[in-house]
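Taking it in order: structure first as structure tokens, then the write-up.
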Amino acid sequence: MQRYFIKENYHTSDPESLKLIGDDFHHAAHVMRMKVGQECFLVFQDEVAVRAKVTELLEDYLLLEEVAKEEQEKELPLNVTIACGYTKGDKLDLVVQKGTEMGAYQFLGFPGQTSVVKWDHKKLKKKQERLAKIAKEAAEQSHRHLQPEVILYETEQYLRDTFQEYDVVLVAYEESAKQGEKGQLVKTLQQLPKGGRLLVLFGPEGGFSPQEIATFTEMGALTCGLGPRILRAETAPLYLLGAISYQLELL
711 MQRYFIKENY
721 HTSDPESLKL
731 IGDDFHHAAH
741 VMRMKVGQEC
751 FLVFQDEVAV
761 RAKVTELLED
771 YLLLEEVAKE
781 EQEKELPLNV
791 TIACGYTKGD
801 KLDLVVQKGT
811 EMGAYQFLGF
821 PGQTSVVKWD
831 HKKLKKKQER
841 LAKIAKEAAE
851 QSHRHLQPEV
861 ILYETEQYLR
871 DTFQEYDVVL
881 VAYEESAKQG
891 EKGQLVKTLQ
901 QLPKGGRLLV
911 LFGPEGGFSP
921 QEIATFTEMG
931 ALTCGLGPRI
941 LRAETAPLYL
951 LGAISYQLEL
961 L
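Position 71, counted from 1, in the sequence shown is what this note's numbering calls 781; the numbers after and before it change by one each time, with no gaps.
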């Protein structure tokens, strides 16, 4: 069943008069060709999802009424933010799309010291809008209860300034993996409470420089390995999310 994210909170909405507007209205009315009596899921900004039935089809919006709440939990027990150094091509597109399907809470982008690509403010804004659309579509497809936010920073300093917002900051570091480090991620997952905020940093194709690692750790970040193999920049975040899901949702 089709799912739409709407920009209002459930607890301040009228369950008998819910609206689909804008692009979502166009998709529902002209792509899905929904009719009165048909149902879809609506997801509110406060992470409540309901099954709703179309009651009226108007020229520029749909009116719906709530049928029932969706009770099944769809989100990871932790709020996991993925921060990626800027990479070439459409690798960030892949990370955002698949990372959303795998439960990421938020995505941050930043220019690492070894990043080859250089995006100015205009390009970053356009890229952020594109990635936000990808996240929205992936969240709908995977039946999420939230749409991950995407923020692209112009400097690495902006990223470091956010460290204090998280309970734990991890840095996926290939040198830690080469040295056989394999306990920090498990330890972190065991210690964080439900709803805990975890930020994990991933470097661009060239990884992190020793200077970056020193700066991160001085600010309280912890380095961790992700197994004995060297992963591509776009693979490592997905590996991490899979490991977190296994540890917290399947065991």
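Glycine included, C-beta positions come from ideal geometry on N, C-alpha and C. Because the structure is a prediction, the values reported are computed rather than measured.
For K832, the uninterrupted alpha helix (DSSP H) segment begins and ends at 831-851. For G905, the three-state secondary structure derived from DSSP is coil. Between L728 and E766 the beta-carbon gap is near 11 Å, outside 8 Å, which marks them as no contact. Annotation: the continuous beta strand (DSSP E) that includes T765 extends over 759-767. Judged by beta-carbon spacing, G906 lies within the 7 Å limit of L788, meaning their Cβ atoms are closer than that value. DSSP, reduced to helix, strand and coil, places E944 outside both helices and strands of the structure shown, so it counts as coil. H853 and S955 have their C-alpha atoms roughly 16 Å apart. In this chain, the alpha helix (DSSP H) harbouring R870 covers 866-870. The criterion of a C-beta distance shorter than 7 Å is satisfied by Q807 and A848. Under the three-pair Cβ rule at 8 Å, the segment 791-801 counts as touching the segment 813-830. Annotation: T898 to G813 spans about 18 Å, alpha carbon to alpha carbon.
Under the DSSP assignment, L818 falls in the beta strand (DSSP E) whose first and last residues are 816-820.
Taken through DSSP and simplified to helix, strand or coil, V741 comes out as helix.
Taking T865 as reference, the option from D830, Q857, L908 with the minimal CA-CA separation is D830. By the Cβ neighbour-count rule, P858 is buried, with 16 or more other Cβ atoms within 10 Å of its own.
Counting C-beta pairs with one atom in each stretch, the segment 913-933 and the segment 873-893 have three or more that are closer than 8 Å, which means they touch. In this structure, E944 sits near K801, with a CB-CB distance shorter than 7 Å. H740 counts as exposed, since fewer than 16 other C-beta atoms from the protein chains shown sit within 10 angstroms of its C-beta. For E749, the closest alpha carbon among the candidates L772, G732, I731 is that of L772.
For V827, there is no enclosing alpha helix (DSSP H), as DSSP marks it with neither H nor E.
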